Amino acid sequence: MTSQTTIDTTGPGSGKPASPSDGAPASGLRGHPWFTLITVAVGVMMVALDGTIVAIANPAIQQDLKASFADVQWITNGYFLALAVSLITAGKLGDRFGHRQTFLIGVVGFAAASGAIGMSSSIALVVTFRVLQGLFGALLMPAALGLLRATFPAEKLNMAIGLWGMVIGASTAGGPILGGVLVEHVNWQSVFFINVPVGVLAVVLGVLILRDHRAENAPRSFDILGIVLLSGAMFCLVWALIKAPAWGWGDGKTWAFVVASVVGFALFAFWETKVKEPLIPLALFRSVPLSAGVVLMVLMAIAFMGGLFFVTFYLQNVHGMSPIDAGLHLLPLTGMMIVGSPLAGAMISKLGPRIPLAGGMAATAIAMYGMSTLETDTGSAAMSLWFALLGLGLAPVMVGATEVIVGNAPMELSGVAGGLQQAAMQIGGSLGTAVLGAVMASKVDSDLAGNWKDAGLPELNPAQLHQASEAVQVGMAPVAPNTPAPVAAKIADVAHDTFISGMSLASLVACGVAAVAILVALLTKRGENAEAGAGVGHI
0 MTSQTTIDTT GPGSGKPASP SDGAPASGLR GHPWFTLITV AVGVMMVALD GTIVAIANPA
60 IQQDLKASFA DVQWITNGYF LALAVSLITA GKLGDRFGHR QTFLIGVVGF AAASGAIGMS
120 SSIALVVTFR VLQGLFGALL MPAALGLLRA TFPAEKLNMA IGLWGMVIGA STAGGPILGG
180 VLVEHVNWQS VFFINVPVGV LAVVLGVLIL RDHRAENAPR SFDILGIVLL SGAMFCLVWA
240 LIKAPAWGWG DGKTWAFVVA SVVGFALFAF WETKVKEPLI PLALFRSVPL SAGVVLMVLM
300 AIAFMGGLFF VTFYLQNVHG MSPIDAGLHL LPLTGMMIVG SPLAGAMISK LGPRIPLAGG
360 MAATAIAMYG MSTLETDTGS AAMSLWFALL GLGLAPVMVG ATEVIVGNAP MELSGVAGGL
420 QQAAMQIGGS LGTAVLGAVM ASKVDSDLAG NWKDAGLPEL NPAQLHQASE AVQVGMAPVA
480 PNTPAPVAAK IADVAHDTFI SGMSLASLVA CGVAAVAILV ALLTKRGENA EAGAGVGHI
């Protein structure tokens with residue numbers, strides 16, 4: 000591995016050589032590792048929170064702006080698509096121009112786009128600014144990991160990533176609770192306006208505290224064709240996953256985008272072997288631990304995000320909880336992630352990542368199996384047990400897989416590695432939602448007609464059965480207006496029982512994915528290049 004030194008720059012691309020003092024322990028605020036962690040955590044919190052908080056505001060936005068259901072879907076899809084497609088390229092920008100600069104630009108842009116959404120008077124403007132939020136969020140996330148990698152000594156990096164993961168987990172799981180409170184007691188605009196003061200705080204802290212570290216052999220040029228090919232392949236893949244539930248997995252349009260994605264990735268891989276300074280040097284994947292970390296992050300996100308997708312419908316539509324109550328019932332999950340992430344960081348520092356990662360995925364598999372046993376009348380205590388175990392299992396995986404990916408990459412590619420970590424998580428989440436959604440839909444379609452008939456309900460024609468199936472897939476009872484109460488009760492029982500059977504099968508599939516991830520976790524090991532960060536900062 001080429002020897003690496005640290006460069007402290009005063010502006011993008013200055014290339015100023017590091018002075019002897021640059022490698023010395025940081026004094027005061029500038030470059031202090033723990034203050035750096037606090038600063039990036041404030042910025043990352045905005046992006047993680049926005050991934051879930053907006054879902055609670057969507058019904059209010061739809062009503063206020065007279066939007067269609069498809070329009071409202073794009074509030075989430077536009078954000079996710081922009082984020083997923085841009086992450087790796089954004090990480091490369093950080094490697095080239097410095098992670099401090101890209102982090103600050105990302106924070107400013109994200110906060111400004113949030114404020115613009117709050118002032119928007121049409122659904123088109125909301126979706127447009129949500130896309131901008133995703134683009135600026137993509138700048139921010141890999142830069143945060145790059146700053147942690149460069150600032151913390153190797154022996155403290157796991158603990159730092161543990162706390163970083165704790166912030167992401169708490170923000171993601173806490174989004175529905177905060178969103179419910181703001182929408183119910185203020186308005187939907189407040190869900191976005193809240194990012195403005197948070198962004199201002201992150202910028203002030205960033206200007207005062209963040210120190211730009213850059214490796215000696217950081218990239219000096221851009222692989223433009225590589226960016227186009229990778230972005231196009233990522234777009235086709237994510238677009239196919241987003242549209243598959245509506246188009247159907249057997250539809251020609253779905254497979255056209257899947258094939259286009261495969262071709263795009265193949266062309267990208269070929270081009271990367273020819274270009275002088277590739278966007279992602281393919282030699283990076285010669286590291287078995289790094290490749291295992293990326294695969295592990297995808298599998299974890301499939302099991303977690305895909306499984307959790309149905310839990311929100313289960314709590315709200317089957318148990319009849321309000322969004323706030325549903326969020327409160329997920330507190331065991333949040334709490335275990337908050338408690339478990341720093342503990343996982345300490346454990347990984349002592350034992351290495353292999354055992355904690357395998358143990359975390361084992362706990363996740365058990366939790367998903369437990370969630371497959373949930374019934375329409377399951378009590379809060381039983382639900383809380385499985386949610387808590389899921390949070391406890393996810394914590395070491397979120398921390399350990401991140402450290403394995405970032406720690407096994409050369410310092411000059413820490414931004415690309417951070418982008419890989421985030422892209423793997425986004426793609427895994429999308430795959431989980433799409434694949435487990437298809438499992439749910441298939442099970443509901445196969446069971447609903449028989450369950451409906453067994454309950455003695457009036458026979459449905461194919462169009463009515465299709466409409467009823469779509470409602471049942473999200474736990475809704477397809478009760479027509481003016482339906483007699485006894486019949487409505489029967490329909491609700493059939494709908495909820497059929498939904499539970501679909502959720503149970505989807506949870507078992509997620510359990511199987513988590514079990515495979517245990518084997519992948521055994522291929523990981525501590526970052527080979529983590530020692531490059533040692534001595535950069537002072538704890």
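Residue numbering for the sequence shown is 0 to 538, as defined by numbering that gives the first Met the number 0.
By construction, the Cβ of each residue, glycine as well, lies at the ideal position given by its N, Cα and C atoms.
These numbers come from a predicted model, not from an experiment.
Assuming residue i and residue j form a contact by the criterion Cβ under 8 Å, report the distance between their Cβ atoms to the nearest whole angstrom.
i, j, result
"residue 343", "residue 168", "Rounded, the Cβ-Cβ distance is 11 Å, inconsistent with contact."
"residue 497", "residue 471", "5 Å"
"residue 60", "residue 71", "6 Å"
"residue 394", "residue 173", "In fact, because the Cβ distance is near 15 Å, the residues do not count as touching under 8 Å."
"residue 30", "residue 150", "7 Å"
"residue 257", "residue 239", "5 Å"
"residue 505", "residue 438", "5 Å"
"residue 182", "residue 289", "That belief does not hold up - the Cβ atoms of residue 182 and residue 289 are roughly 41 Å apart, past 8 Å."
"residue 209", "residue 102", "7 Å"
"residue 408", "residue 416", "4 Å"
"residue 334", "residue 366", "Between residue 366 and residue 334 the Cβ distance is about 14 Å, and since that is not below 8 Å, they are no contact."
"residue 195", "residue 110", "5 Å"
"residue 425", "residue 144", "About 14 Å separates the two Cβ atoms, so there is no contact after all."
"residue 368", "residue 507", "7 Å"
"residue 332", "residue 387", "7 Å"
"residue 116", "residue 125", "6 Å"
"residue 93", "residue 141", "6 Å"
Measure the CB-CB distance between residue i and residue j and report whether it falls below 7 Å.
i, j, result
"residue 293", "residue 419", "yes"
"residue 434", "residue 501", "no"
"residue 204", "residue 372", "no"
"residue 488", "residue 302", "no"
"residue 175", "residue 253", "no"
"residue 517", "residue 291", "no"
"residue 490", "residue 473", "no"
"residue 363", "residue 513", "yes"
"residue 423", "residue 287", "no"
"residue 325", "residue 315", "yes"
"residue 84", "residue 189", "no"
"residue 263", "residue 232", "yes"
"residue 454", "residue 493", "yes"
"residue 541", "residue 55", "Any answer about residue 541 is impossible in this case: the structure gives the chain only from 0 up to 538."
"residue 191", "residue 113", "yes"
"residue 166", "residue 40", "yes"
What's the call for residue i, buried or exposed, on a 16-neighbour Cβ count within 10 Å?
i, result
"residue 87", "buried"
"residue 284", "exposed"
"residue 136", "buried"
"residue 91", "buried"
"residue 223", "exposed"
"residue 119", "buried"
"residue 376", "exposed"
"residue 157", "buried"
"residue 328", "buried"
"residue 525", "buried"
"residue 2", "Residue placement at residue 2 is poorly supported in this model, since its pLDDT is 36, which falls under 50; the coordinates are not used for a value here."
"residue 211", "buried"
"residue 483", "exposed"
"residue 349", "exposed"
"residue 106", "buried"
"residue 340", "buried"
"residue 529", "Here residue 529 scores only 43 on pLDDT, less than 50, and its place in the model should not be relied on; the value that follows carries that caveat. Buried."
"residue 123", "exposed"
"residue 198", "buried"
"residue 269", "exposed"
"residue 155", "buried"
"residue 249", "exposed"
"residue 32", "buried"
"residue 279", "buried"
"residue 153", "buried"
For the ligand ADP, I want to know if residue i counts as a neighbour, meaning its beta carbon is within less than 6 Å of at least one of the ligand's heavy atoms.
i, result
"residue 57", "Only the bare structure without any ligand can be found here, which leaves the ligand ADP out of the picture."
I'd like to know whether the C-beta of residue i is nearer than 7 Å to at least one C-beta of chain B.
i, result
"residue 339", "Protein chains in the displayed structure number just one, and chain B is not present."
Tell me the start and end of each unbroken alpha helix (DSSP H) in the stretch 339-401 that is at least 4 residues and wholly inside, in chain order. Counting whole runs of 4 or more residues, the stretch 339-401 contains the alpha helix (DSSP H) stretches 353-370.
Residue ranges of each alpha helix (DSSP H) within the stretch 183-216, 4 or longer: The qualifying runs are 188-192, 194-208.
So within the stretch 390-468, which uninterrupted alpha helix (DSSP H) runs reach at least 4 residues, ignoring any that extend past its ends? Fully contained in the stretch 390-468 are the following alpha helix (DSSP H) runs of length 4 or more, in chain order: 413-453.
Quick one: complete alpha helix (DSSP H) runs, 4+ long, within the stretch 83-158? You should have 98-117, 122-150.
Give, in chain order, every unbroken run of the alpha helix (DSSP H) that is at least 4 residues long and sits entirely within the stretch 221-255. Runs of the alpha helix (DSSP H) inside the stretch 221-255: 223-246.
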